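Notes follow the structure.
Residue numbers (the numbering used here): 6 to 118.
This is how it looks when you write it as structure tokens:
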């Protein structure tokens, strides 16, 4: 094996190692984004359940309010809005904003008690 062949083998090995490192970095980034999305959905679902049970309605005082934005641990923000829909039915809208600025909106119709 000549010196030129050895250098060529090292270059090929280095390029393949860089390719693998890029794949690992992309995978780690995807896991981080998925974790953030899972937290946003969990926050929205818990807020929706609380609003459906009436906690948010009592906190806002009346239907038709636009809601207020709350900061959640980890840089998330949550906004709950309750708006009258038809008759004794109202629409509950929960918007969660992630630290990266991505929003997740959850809507549900619920009857007034």
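Even for Gly, the Cβ is constructed at its ideal location relative to N, Cα and C.
Since the structure is predicted, the reported quantities are computational estimates derived from the model, not experimental observations.
Going by DSSP, residue 24 is part of the alpha helix (DSSP H) stretching over 8–58. By the Cβ rule, the region 85–105 counts as touching the region 41–51, because three or more pairs are nearer than 8 angstroms. Under DSSP, residue 108 shares a beta bridge with 102. DSSP lists 75 and 101 as the bridge partner or partners of residue 83. The C-beta distance from residue 17 to residue 53 rounds to 54 angstroms, too long to fall under 8 angstroms, and the pair is not in contact. Per DSSP, residue 93 has no beta-bridge partner at all.
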